[in-house]
Ligand SMILES: [Zn+2]
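Residue numbers (the numbering used here): 435 to 654.
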């Protein structure tokens, strides 16, 4: 006797109604599982996209505060549109604007001012977890301050190469730091090296190692 094969919509075959129903139920379960998984992935993706959009908006809001500092510096006839804000856990720790002219201080850059204000506010030299928003890309001095203060991330507005006369000295500084010591305009040369090494050795035993072994703990 010839066997009549029944077929599911996905092409699986069975010899009886019971058999084909089992196969169809299995297909349906697989489809439902796949659909649930797909919808879960879509939902998680949507949540992540929403969180990312909200964070971008917060970043933009903080950057506008850095721009406001920069605008104030220009209005006050200082060196240019440089402003910065340091933020941690959604709270402002400090802000600053360039004060080179007003403060008669060549190191009074906006980001450095903001880091100093944040350190004063938080009562610690360690700004771990903080974010710095700056109207411009950082010069090597301000970037050093970011590293030394343990700041986690930096957002900036315009690049140093885009700042024209406002940033040409900073572009030069960046270039100087990128070339070998012997090619730089300002030379660094050791003098009284033996005495310096002796001072270093005495300092080590004086400090009893605690600070050196546990950097960062001295600020607690
Ligand atoms: Zn700087």
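A virtual CB, placed ideally from N, CA and C, is assigned to each residue, including glycine.
Nearest residue (CA-CA) to residue i, options the options
{"i": "residue 593", "options": "584, 569 and 550", "result": "569"}
{"i": "residue 499", "options": "557, 468 and 526", "result": "526"}
{"i": "residue 445", "options": "506, 457 and 452", "result": "457"}
{"i": "residue 455", "options": "439, 470, 468 and 469", "result": "439"}
{"i": "residue 410", "options": "619, 624, 585 and 474", "result": "The displayed coordinates of the chain run from 435 to 654. Any statement about residue 410 would go beyond what the structure contains."}
{"i": "residue 560", "options": "625, 573 and 522", "result": "522"}
{"i": "residue 543", "options": "571, 555 and 564", "result": "571"}
{"i": "residue 597", "options": "462, 485, 510 and 514", "result": "514"}
{"i": "residue 459", "options": "472, 443 and 625", "result": "443"}
{"i": "residue 453", "options": "441, 462, 463 and 464", "result": "441"}
{"i": "residue 621", "options": "630, 610 and 480", "result": "610"}
{"i": "residue 573", "options": "553, 564, 612 and 507", "result": "612"}
{"i": "residue 540", "options": "555, 463 and 575", "result": "575"}
{"i": "residue 538", "options": "511, 483 and 502", "result": "511"}
Residue i: first and last residue of the uninterrupted alpha helix (DSSP H) it sits in
{"i": "residue 580", "result": "574-582"}
{"i": "residue 608", "result": "602-612"}
{"i": "residue 632", "result": "627-640"}
{"i": "residue 549", "result": "544-556"}
Residue range of the unbroken beta strand (DSSP E) whose run includes residue i
{"i": "residue 518", "result": "517-522"}
{"i": "residue 529", "result": "525-531"}
Strand pairing of residue i, partner residues [DSSP]
{"i": "residue 570", "result": "592"}
{"i": "residue 441", "result": "447"}
{"i": "residue 498", "result": "DSSP output for residue 498 lists no bridge partner at all."}
{"i": "residue 534", "result": "BP columns for residue 534 are empty, so no partner."}
{"i": "residue 475", "result": "Residue 475 is not bridged to any residue."}
{"i": "residue 565", "result": "521 and 587"}
Touch check for the segment 583-592 and the segment 488-500: three-plus C-beta pairs under 8 Å? In short, these stretches touch, since the Cβ pair count reaches three.
Counting Cβ pairs closer than 8 Å, one from the segment 528-540 and one from the segment 499-518, do we hit at least three? In short, these stretches touch, since the Cβ pair count reaches three.
Quick one, what's near ligand 1 if you take every residue whose CB is closer than 7 Å to any heavy atom, in chain order? Cβ-based neighbours of ligand 1 within the cut-off: 543, 545, 546, 572, 573, 575, 576 and 604.
Contact the segment 600-614 vs the segment 630-638: 3+ CB pairs below 8 Å: Result no; under three Cβ-Cβ pairs closer than 8 Å.
On the three-pair Cβ rule with 8 Å, is the segment 572-588 touching the segment 542-549? Three or more beta-carbon pairs separated by less than 8 Å link the segment 572-588 to the segment 542-549, which places the two stretches in contact.
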